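Input: a single structure, listed below in structure tokens.
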Amino acid sequence: MKIEAFTIKNYRSIKELKIENLNPVNVFFGKNNVGKSNILRGLHLAFFCLKNDEMFLPDTMFYNRNIYKPIEITVDLILEEDFYDTEKVDNALREGIEQIQSALAHAPELFEDSEKEINQFIEKSESFKPLKKLRLKVQIDYNEETADIDVSIEDLASDYRFDYKKYQILYEKLKRTIWERVRTIRERVNDKLERLGESISSLSQFSPLPPQLPFLSRYKDRLKRYVMDIEDTSKKEEIFSLIEQYEKTFHDLNLLTETLSKTFNIVKGYLDKLADNFILIPNKEYFLEGPWIPNKEYFLKGPFVEKGGKQIEIFDINRFYDKLASLIESPGKKERELIKKFNDIWSRSYRDFGELEIRKFQKRVFTIFDTGFTALPIENQGLGIQDLFLYLACMILFDSAIIAIEEPEGGLSTENQKTLHNIIEDVYSGSDKQIFISSHSKEFETPSSYIIEMGKGGTTEISRRKKEKEYEEKIDAILIDRKLEKEKAQYEALLREVTEREITLDILNYISKLGDEEKVDAEKISDALGYKKEKVEEVLSKIL
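Using this note's numbering, the first residue of the sequence shown is number 170, and each one after it goes up by one.
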């Protein structure tokens with residue numbers, strides 16, 4: 170998966186920023202506080218919204234704190250051929266839709282009120298298609314509690330569009346409607362059982378009915394033993410009829426819920442995979458408290474959880490550990506190759522730090538062995554070593570297609586920054602992965618870096634290639650101007666020379682017509698030819 174282009178609007182310091190023709194390695198380079206990291210955060214927010222629809226965004230997340238303009242982020246993605254099995258998705262969706270229709274046909278009277286919404290859900294499910302080249306569009310409107318989020322995907326080759334959030338809202342509404350119906354029917358049956366219980370003392374302990382089918386079965390088994398002793402046959406039959414009626418209704422409603430969930434999760438799985446293929450590794454100061462990443466954030470930044478929405482999860486260190494643990498516990502051929510590649514790169518590039526062995530120790534600790542004198546777990550190493558371990562693990566061991574790193578130079582020496590940059594170039598050159606870096610270290614600047622600046626309109630970028638082109642055009646313009654000025658000077662000198670010759674010829678022509686006794690008089694020549702007397706005298710001094 171690769172990002173081909175993206176646009177961010179009204180997010181933090183970014184009023185509008187569009188960047189196209191992205192590379193495997195993309196570096197946003199610039200001074201402090203010009204909005205480099207906001208570009209990475211904006212991309213992260215777009216993918217985060219695919220899996221999370223309840224979050225609070227304070228007004229500081231909106232450009233110039235203008236909450237009346239939504240945050241808009243679009244990301245153009247290209248997926249590799251084996252990213253998703255399109256045929257498998259189509260077949261699973263078709264099967265899920267058939268099961269929904271079957272559930273409807275089995276008990277149509279139960280779903281009369283929801284028939285319109287269910288048909289809409291079926292239509293939207295049928296319209297979904299996994300794309301290999303798509304545009305992810307996210308729009309976030311400010312809300313004092315939970316932000317209003319809209320997510321959709323578009324086909325870049327046609328006018329196809331799938332509104333994922335509307336689909337999700339419809340699904341959640343149907344689930345609530347169905348379970349509300351279950352609750353209503355259960356209460357109705359419980360009321361009848363309570364009325365029967367007033368005349369049958371042994372029945373009173375069985376109210377209310379349990380909400381799950383397994384508990385309902387046990388409820389029925391116990392109830393039979395008590396009801397068998399009841400002499401009134403009609404009451405026996407009424408009790409069992411009520412329970413069976415509820416059991417059938419509950420089963421039918423539960424079946425529809427399961428088929429709706431199964432179908433929805435097929436679509437959700439595709440979008441979740443998109444979200445999981447983007448990882449943002451923030452500057453250390455943004456990490457939550459974790460096993461070995463310290464919390465160094467001195468001034469806390471929003472969003473805040475007390476407003477009702479969830480805080481945006483930047484990086485979950487526990488998830489990192491779990492993923493690493495699953496990788497090393499029972500590695501297959503592919504995983505063993507990745508681990509070998511990781512170890513080779515480490516020993517070749519950072520052997521001075523000691524021999525590295527990744528293994529499970531006391532459930533969670535992954536050990537880096539030092540120079541032979543001590544062997545310490547990663548959390549007891551210096552912050553720079555922790556950074557390197559984290560970056561290389563995400564880049565090499567994990568299958569995430571896109572990784573974004575904020576200021577990787579943080580705890581690294583200049584030499585180690587150079588080494589890391591060389592590793593990044595080697596890992597991503599010609600690969601099907603992509604990396605985004607925000608940095609102000611010269612060691613991560615490349616000819617194709619994007620120069621990020623802050624102006625009156627917020628964060629802007631000038632690509633290095635564009636800047637070089639502008640410089641070249643400026644130089645060309647200067648050279649052309651100089652050439653024109655030189656040619657003009659030459660022309661003016663030639664013109665002066667021609668004029669001098671014309672004046673001289675006029676004066677010589679006048680003199681040639683004088684009589685033998687007439688004197689050459691500068692004043693008379695001036696009056697006759699219209700030249701200034703001084704100019705005539707100057708010419709006469711040269712030719713006489």
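Just so it is clear, CB atoms sit at the ideal spot from N, CA and C, and this is done for glycine as well. Just so it is clear, the structure is predicted and the values come from calculations on it, not from any experiment.
Check whether Ile-322 and Leu-339 have beta carbons under 7 angstroms apart
no
Just curious, the alpha helix (DSSP H) that Lys-693 is in, first and last residue?
691-698
Suppose you measure from the CA of Tyr-232 to the CA of Asn-179; what does that come to, to the nearest Å?
5 angstroms
Extract the residue ranges of the beta strand (DSSP E) inside the stretch 573-661, only unbroken runs of 3 or more that lie entirely within it.
603-608, 619-624, 627-632
Opening and closing residue of the alpha helix (DSSP H) in which Phe-447 lies
Where Phe-447 is concerned, there is no enclosing alpha helix (DSSP H), although the beta strand (DSSP E) it sits in stretches over 447-450.
Tell me whether Ser-499 is buried or exposed, calling it buried when 16 or more other Cβ atoms sit within 10 Å of its Cβ.
exposed
Can you say whether Pro-463 is buried or exposed, counting buried as having 16 or more other CB atoms within 10 angstroms of its CB?
With a pLDDT of 40 at Pro-463, under the threshold of 50, the modelled position of this residue cannot be trusted, and the question is left open.
Measure the C-alpha to C-alpha separation of Gly-553 and Ile-547 and round it to an integer number of angstroms.
11 angstroms
Look at the Cβ atom of Leu-449, then the Cβ atom of Ala-573, and state whether they are nearer than 7 angstroms.
yes
Tell me, please, which residues DSSP counts as bridged to Ser-499.
None; Ser-499 has no bridge partner.
For Thr-315, three-class secondary structure by DSSP:
coil
Val-167 lies in the beta strand (DSSP E); which residues open and close that run?
Outside the displayed span of the chain (170 to 713) sits residue 167, for which this structure offers no information.
Cβ pair Leu-300, Asp-282 closer than 7 angstroms:
no
To the nearest angstrom, how far is it from the Cα of Glu-341 to the Cα of Ser-430?
10 angstroms
C-alpha distance - Lys-285 paired with Thr-426, whole-angstrom precision:
16 angstroms
Give the range of the alpha helix (DSSP H) segment to which Tyr-560 is assigned.
552-561
According to DSSP, simplified to helix, strand and coil, what is Tyr-253?
coil
Whole-number beta carbon distance between Phe-613 and Phe-198, since they are thought to touch under 8 angstroms:
7 angstroms
Under 7 angstroms, do Lys-171 and Ile-247 count as touching if we go by C-beta distance?
yes
Could you round the C-beta distance between Leu-566 and Phe-511 to whole angstroms and report it? I think they count as a contact, below 8 angstroms.
6 angstroms
I need the straight-line Cα distance from Phe-290 to Glu-363, nearest angstrom please.
38 angstroms
Verify whether the separation of the beta carbon atoms of Asp-310 and Pro-227 is less than 7 angstroms.
no
Return the residue from the list Leu-424, Ser-600, Arg-181, Arg-263 that minimises the CA-CA distance to Lys-344.
Leu-424
Pull the bridge partners of Tyr-222 from the DSSP assignment, please.
Per the sequence shown, the amino acid found at residue 222 is Asp instead of Tyr. Answer is none; Asp-222 lacks a bridge partner.
In the structure shown, what three-state DSSP assignment does Ser-321 receive?
strand
Distance CB(Ser-206)-CB(Thr-628) smaller than 7 angstroms:
no
Beta carbon of Ile-435 nearer than 7 angstroms to that of Ala-272
no
Going by beta-carbon coordinates alone, are Asp-675 and Leu-653 separated by less than 7 angstroms?
no
Alpha-carbon spacing of Ser-403 relative to Lys-361, whole angstroms:
14 angstroms
In the DSSP assignment, the alpha helix (DSSP H) including Lys-285 goes from what residue to what residue?
284-296
Decide if Arg-488 is buried, meaning its Cβ has at least 16 other Cβ atoms within 10 Å, or exposed.
exposed
Could you spell out where the beta strand (DSSP E) holding Ile-712 opens and where it closes?
It is not in any beta strand (DSSP E) - Ile-712 instead sits in the alpha helix (DSSP H) that spans 702-712.
For Glu-281, name the three-state secondary structure that DSSP assigns.
coil
Can you name, in chain order, every residue of its own chain whose Cβ lies under 6 angstroms from the Cβ of Arg-210, other than the five neighbours on each side?
none
Whole-angstrom Cβ separation of Ile-287 and Phe-297, contact assumed at under 8 angstroms?
Incorrect: roughly 16 angstroms between the Cβ atoms, too far for contact.
Could you have a look at Arg-181 and say whether DSSP puts it in helix, strand or coil?
coil
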